[in-house]
Amino acid sequence: MISEELKAKLKTLPSAPGVYFHKNQQGEVIYVGKAAVLKNRVRQYFQNTEKDPKTEALVSEIFDTDWIVVDTEMDALFLESEMIKRYMPQWNILLRDDKTVSYVRIDMKSEVPYVTTTRNPLDDGAVYVGPFYAKNTIIKALRVLRKIFPFYEKPYDGKKNLNTDLGLTPGIEVGRTTPKDYKKNLRFLIRYLNGDREKLILDLEKQMKTAASLGDFEEAAKLRDEYFGLKGLKRKIIFSDKEFMDLSSDKALSELQKLLNLKEPPRRIEGYDISHISGTNTVASMVVFQNGASDRTAYRKFKIRSSKNDDTASMYEVIFRRLKHQEWPFPDLILLDGSTQQLNAVLPLLSVANIPVLGRNKSGDHTRNADVNLIIPIREPSGEFRFESKLYSNDSHLAKLITRIDEESHRFAITYHRQLRSKDLFKR
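Sequential numbering of the sequence shown, starting at 2, is according to the working numbering.
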C-alpha cells in the first residue's frame, strides 16, 4: 500500500528525462530505471493496472522513490548503467531481460578498429563497455557521439563512402587522420562511455591549450571541436536525496580502507568463489568491482585442474593462475568466500604480490539479509598470521558492498558450474 507521504512526493515528479531509484523500507535501493519522462514512467508503477507477477512483487516492496534529473535520454542511459553497476539492485537482476542488455565492443588490438554493439562480451582481447540496459538508446547515443569522435561501424576496407563525406568516419581512407590518431580518439570515446566525462573534458581542454601554445593549430582546432561537443552533452544533475550528492565517494570503500589500514580506498576489488558437486566439474569465479560497481567485462572463470574435491587446494590454484596474468590490472583487495584454511593457503602468494585479502565466513547464506562475518588476517612480528573475526550488520555500507561482491562471485561460479554439468549430460 503506497503511503500518503510517497503519494505527495510522486506529485512533484518532473516532466524530464532521468533515473529513478525505488527503495524498500530499510532504505536499500531495490530497483534502478531510466525514463524519457520521469513523471509518466514512475507513476505507472503505482497505477491500478494489470502487471506481471514479478512487477507486482517489486511494487509491493517499494517504500520510497528518489530520482535524478538529466538533460537527455542519452544521459539517463549512461547514468542508469552506472547506478545499476554501483547498487546491483536485486529487482534489476530478477526483472532483467538479457535480450535488451548491450555492450559496446571496440577491438583496440586491430590496426583500424571499428565500433559495434553485442549482447555477449567475449574474452577475445577487445574492449567491452557496459552493460547498457536499452539497446535502441545506446545505438542512438553512439550516433550522437560519432559526430564528436568519428569511428567506423564495420571492418575497415579503405574505401571512401557517404559517411566519409559527412565526417562520421575518421577519414583514414582520404588521409584525414592516421590509425594512431584514430585510436587516440577511440580511447576518448571509451572514457566517455565508461563515465570518465568530467576528467575527459578537462584533459581535452589542457591538450587543446598545449597544442595551441606549440603552434599546432590544426590539432588544437580538432581538440576544440571535441571539447565543445562534449561540453554540450554534459549532464546537469538535480538531486532529490542527499545520498546522491557525491557519487564518487563510497563510504564502504572508506570503511575498508580504515579496516585494513590501506593508504587509499580499494578501487579494484576481486571476489572469488568455488563451485562443485561432490568434486565434479569444479570451477572458480573471479568477479571485479571498480569503485564499488561491478565490472562484468573483467569477470573471469576458471576450470580447476588440481584436486577436484578440495576447496582449499582449488582456491590456491585459482589465485596462483590469476597472479600469472600480468596483463590484468592487479586488485587493491581480494575477497574470498571461504574459511581460514583457504586464507592460509593463499596468503603466501598474496603477501609476495602485496595484495591484501579478506575472507567471508562461509555460513552457506549468500543472501543480502545476512550479517557479514569477515575474517581478517593479522601479521605477527614473527611473520606468521593470525585471524580476527569481525561481524558487520547487514545494513552497514561495508556489509552491503561485501554482500554484493559475494552474491556475484557465487552466482557467476554456480552459472559456470551448471553450464559444464549440462555439457556433460548432453555428451551422455
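All C-beta atoms in this analysis are idealised placements derived from N, C-alpha and C, irrespective of residue type, glycine included.
Would you report the Cα separation of residue i and residue j, rounded to the nearest angstrom?
{"i": "Asp-333", "j": "Arg-268", "result": "6 Å"}
{"i": "Gly-216", "j": "Glu-227", "result": "18 Å"}
{"i": "Ser-16", "j": "Val-38", "result": "5 Å"}
{"i": "Gln-27", "j": "Thr-341", "result": "32 Å"}
{"i": "Gly-365", "j": "Leu-254", "result": "Since pLDDT at Gly-365 reaches only 49, below the 50 mark, its modelled position is unreliable, and the value read off the structure follows with that caveat. Approximately 25 Å, taken between the alpha carbons."}
{"i": "Ala-127", "j": "Thr-50", "result": "44 Å"}
{"i": "Tyr-32", "j": "Arg-297", "result": "19 Å"}
{"i": "Leu-203", "j": "Leu-163", "result": "33 Å"}
{"i": "His-23", "j": "Val-358", "result": "33 Å"}
{"i": "Lys-223", "j": "Pro-132", "result": "30 Å"}
{"i": "Thr-138", "j": "Pro-18", "result": "13 Å"}
{"i": "Arg-147", "j": "Ser-103", "result": "18 Å"}
{"i": "Ile-85", "j": "Ile-335", "result": "22 Å"}
{"i": "Thr-170", "j": "Phe-47", "result": "46 Å"}
{"i": "Gln-343", "j": "Ala-400", "result": "21 Å"}
{"i": "Asp-53", "j": "Lys-35", "result": "19 Å"}
{"i": "Thr-179", "j": "His-326", "result": "32 Å"}
{"i": "Asp-65", "j": "Leu-201", "result": "35 Å"}
{"i": "Ala-346", "j": "Gly-293", "result": "27 Å"}
{"i": "Lys-252", "j": "Gly-159", "result": "50 Å"}
{"i": "Leu-392", "j": "Leu-375", "result": "6 Å"}
{"i": "Arg-225", "j": "Trp-92", "result": "43 Å"}
{"i": "Ser-383", "j": "Ser-352", "result": "14 Å"}
{"i": "Ile-140", "j": "Asp-312", "result": "44 Å"}
{"i": "Pro-151", "j": "Pro-266", "result": "36 Å"}
{"i": "Ser-82", "j": "Val-373", "result": "27 Å"}
{"i": "Glu-256", "j": "Ile-377", "result": "14 Å"}
{"i": "Asn-471", "j": "Tyr-21", "result": "Given that the chain is displayed from residue 2 to residue 429, the structure contains no residue 471 and the question cannot be resolved."}
{"i": "Glu-174", "j": "Leu-187", "result": "17 Å"}
{"i": "Val-60", "j": "Asn-25", "result": "10 Å"}
{"i": "Ile-406", "j": "Phe-386", "result": "25 Å"}
{"i": "Asp-67", "j": "Gln-45", "result": "15 Å"}
{"i": "Glu-328", "j": "Glu-271", "result": "15 Å"}
{"i": "Glu-409", "j": "Tyr-273", "result": "9 Å"}
{"i": "Arg-422", "j": "Ile-275", "result": "15 Å"}
{"i": "Arg-192", "j": "His-277", "result": "38 Å"}
{"i": "Arg-120", "j": "Val-105", "result": "9 Å"}
Classify residue i: buried if its beta carbon has 16 or more other beta carbons within 10 angstroms, exposed otherwise.
{"i": "Val-289", "result": "buried"}
{"i": "Val-116", "result": "buried"}
{"i": "Phe-189", "result": "buried"}
{"i": "Ser-4", "result": "exposed"}
{"i": "His-418", "result": "buried"}
{"i": "Phe-1", "result": "With the chain represented from 2 up to 429, any question about residue 1 goes unanswered, as that position is not in the structure."}
{"i": "Arg-380", "result": "exposed"}
{"i": "Arg-87", "result": "buried"}
{"i": "Val-43", "result": "buried"}
{"i": "Met-109", "result": "exposed"}
{"i": "Ile-145", "result": "In the sequence as displayed, the identity of residue 145 is Val instead of Ile. Flag for Val-145 reads exposed."}
{"i": "Ala-142", "result": "buried"}
{"i": "Pro-349", "result": "exposed"}
{"i": "Ala-354", "result": "exposed"}
{"i": "Asn-262", "result": "exposed"}
{"i": "Ser-295", "result": "buried"}
{"i": "Gly-176", "result": "exposed"}
{"i": "Gly-168", "result": "exposed"}
{"i": "Ile-361", "result": "In the sequence on display, residue 361 carries Arg and not Ile. It is buried - the Cβ of Arg-361 has at least 16 other Cβ atoms within 10 Å."}
{"i": "Thr-404", "result": "buried"}
{"i": "Ile-63", "result": "buried"}
{"i": "Ala-58", "result": "exposed"}
{"i": "Ser-390", "result": "exposed"}
{"i": "Leu-78", "result": "buried"}
{"i": "Asp-76", "result": "buried"}
{"i": "Leu-95", "result": "exposed"}
Just grab the DSSP bridge partners of residue i for me.
{"i": "Arg-301", "result": "Met-287"}
{"i": "Glu-271", "result": "Val-289 and Ile-335"}
{"i": "Arg-106", "result": "Thr-117 and Tyr-129"}
{"i": "Ser-307", "result": "Looking at the DSSP assignment, Ser-307 forms no beta bridge with any residue, so it has no partner."}
{"i": "Ala-294", "result": "Gln-291"}
{"i": "Thr-281", "result": "Ile-278"}
### Query
Three or more beta-carbon pairs under 8 Å between the segment 69 to 82 and the segment 6 to 13, yes or no?
no
### Task
State whether the segment 271 to 284 contacts the segment 298 to 314, with contact taken as three or more CB pairs (one from each stretch) at a distance under 8 Å.
yes
### Task
Could you tell me which uninterrupted alpha helix (DSSP H) segments, each at least 4 residues in length, are contained entirely in the segment 328 to 406, listed from first to last along the chain?
If only complete runs of 4 or more residues are kept, the segment 328 to 406 shows the alpha helix (DSSP H) at 341 to 354, in order along the chain.
### Entirely enclosed beta strand (DSSP E) segments - the segment 126 to 182, minimum 3 residues
128 to 133
### Message
Under 8 Å, with one C-beta from each stretch per pair, do the segment 150 to 167 and the segment 309 to 323 reach the 3-pair mark?
### Response
no
### Query
With a cut-off of 8 Å, do at least 3 Cβ pairs link the segment 177 to 188 to the segment 196 to 213?
no
### Complete alpha helix (DSSP H) runs within the segment 66 to 94 (minimum length 4 residues, chain order)
74 to 88
### Message
Suppose only complete runs of 3+ residues qualify. What are the beta strand (DSSP E) ranges in the segment 9 to 48, listed by chain order?
### Response
19 to 24 and 30 to 36
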